[in-house]
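The structure under discussion appears below in the form of structure tokens.
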Amino acid sequence: MHSINYDSKQSIRGAFGEALAELGRENKNIVALDADLSGSTQTSLFAKEFPERFFDVGIAEQDLMTTALGLSLTGKTPFAATFAVFATGRAYDQIRNSICYQNANVKIIGAHGGITVGEDGASHQALEDVALMRGLPNMTVIVPGDYEQTKQAVRFAAKHNGPVYIRLSRMNVPDVYNKNYKFDLSKAIVLKEGHDVTLFTCGDILSEVIKAGEILAQNKIDAEIVNIPVIKPLDCGTIINSVNKTKLAVTIENHSVIGGLGSAVCECLSENAPHKVVRIGVNDCFGQSGTPAELLKYYGLDAASIANKVIELKK
């Protein structure tokens, strides 16, 4: 794994906006929809270039999804974007019964996922969105962890036939991947091999987990680090192979410990290779207002807290 400059950060949602605009130039059937948040979700970049293919439905997320469905049925490839908490919560029935039931070609972008929304507080911090989307038949669920992974995930979604949910972060993050990275729906990425414990993670805390691995190395703990950007379909093979070697799995996610990556890994291992799994995430509670850094530390999702938890487990 190449070295990471933790001080140089890029925007995950910016990567989405840039990729969507690029796709708009390449494919006239790409359309974008938003729910009065185009500046925040970065669909504004697409809207500026292609105003005739951009639809702002206002603060009406159920309309957002059904309008996207209608556009998909005419041969368009719609990207419907809003905050993750509204996309998955307010419009769940429309996603379930209109989009997924028909296996419609709609791409749902849930921006501002997790506690790193920050000062907006509990009402805007989606901590259950992955759980909601993962349970839906026909839905693909992707949680990218940096700029390059996000751009490639968006490009994948445009080519994939069927519903896709991509969860984005508000927080800028360090680059983990470079231009040599290739997004693969079917494969998790072993960023670092190790023998003492496997750290599984996704999303905007990817760099925190890598940094935690460096702290663990200083404490003579050899952690294997596996990035799982695709929560569904899950690459169970990579998970099994890793934990059969290390005998201990720790999942780390900016999401509730219920229903997200941790639950997916538990389901995979319990049926195929039973080993101990410890889930690090938000422990069945709501978020609160604070800076992203303050909240990551409070909920035990910063590098130091993650490393300390693993050190305790290995004693």
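Just so we're aligned: 477 in our numbering is position 121 of the sequence shown, and the numbers increase by one with no gaps anywhere. Even glycine gets a Cβ: it sits at the ideal position worked out from N, Cα and C. The structure displayed is predicted, hence computed values, not measured ones.
- If you ignore the 5 residues before and after residue 446, its C-beta comes within less than 7 Å of the C-beta of 417, 418, all in its own chain and listed in chain order.
- For residue 503, the enclosing alpha helix (DSSP H) begins and ends at 503-515.
- Judged by DSSP secondary structure, residue 466 falls within the beta strand (DSSP E) whose first and last residues are 463-467.
- Of the residues assessed, residue 415 falls on the exposed side of the cut-off, its CB having fewer than 16 other CB atoms within 10 angstroms.
- Between residue 425 and residue 388, the C-beta gap is not smaller than 8 Å, which leaves the two residues out of contact.
- The beta carbon of residue 544 sits closer than 6 Å to those of 582, 584, 591, 594, all from its chain and outside the five residues before and after it, given in chain order.
- Annotated as distal: residue 399 and residue 427, with beta-carbon spacing of 8 Å or more.
- Linking residue 598 to residue 381 through their CA atoms gives a straight-line distance of about 41 Å.
- Taking a C-beta distance under 8 Å as the contact criterion, residue 391 and residue 422 do not qualify as a contact pair.
- Between residue 432 and the set 453, 514, 630, the nearest pair of CA atoms involves 514.
- With respect to the 8 Å criterion, residue 482 and residue 462 are not classified as neighbours on the basis of their beta carbons.
- Under the three-pair Cβ rule at 8 Å, the stretch 503-511 does not count as touching the stretch 564-572.
- Secondary-structure assignment with DSSP links residue 436 through a beta bridge to 389, 464.
- Here residue 580 carries a strand assignment [DSSP, helix/strand/coil].
- Boundaries of the alpha helix (DSSP H) around residue 396: 394-397.
- Classified as buried, residue 558 has 16 or more neighbouring CB atoms from the shown chains inside 10 Å of its CB.
- With contacts defined by Cβ atoms closer than 8 Å, residue 640 and residue 667 do not form a contacting pair.
- The beta carbon of residue 507 is closer than 6 Å to those of 371, 375 in its chain, skipping five residues each way along the sequence.
- Around the beta carbon of residue 652, 16 or more other beta carbons lie within 10 angstroms, which makes this residue buried.
- Assigned with DSSP and collapsed to three states, residue 425 falls in helix.
- Within the stretch 616-640, the runs of beta strand (DSSP E) that reach at least 3 residues and sit entirely inside it are, in chain order, 632-638.
- Under the DSSP assignment, residue 369 falls in the alpha helix (DSSP H) whose first and last residues are 368-382.
- According to DSSP, residue pairing for residue 528 in a beta bridge involves 367.
- Nearest to residue 468 by alpha-carbon distance, out of 620, 526, 551, 636, is 526.
- Beta-carbon to beta-carbon, residue 623 and residue 617 are separated by about 11 Å, too far to satisfy the 8 Å threshold.
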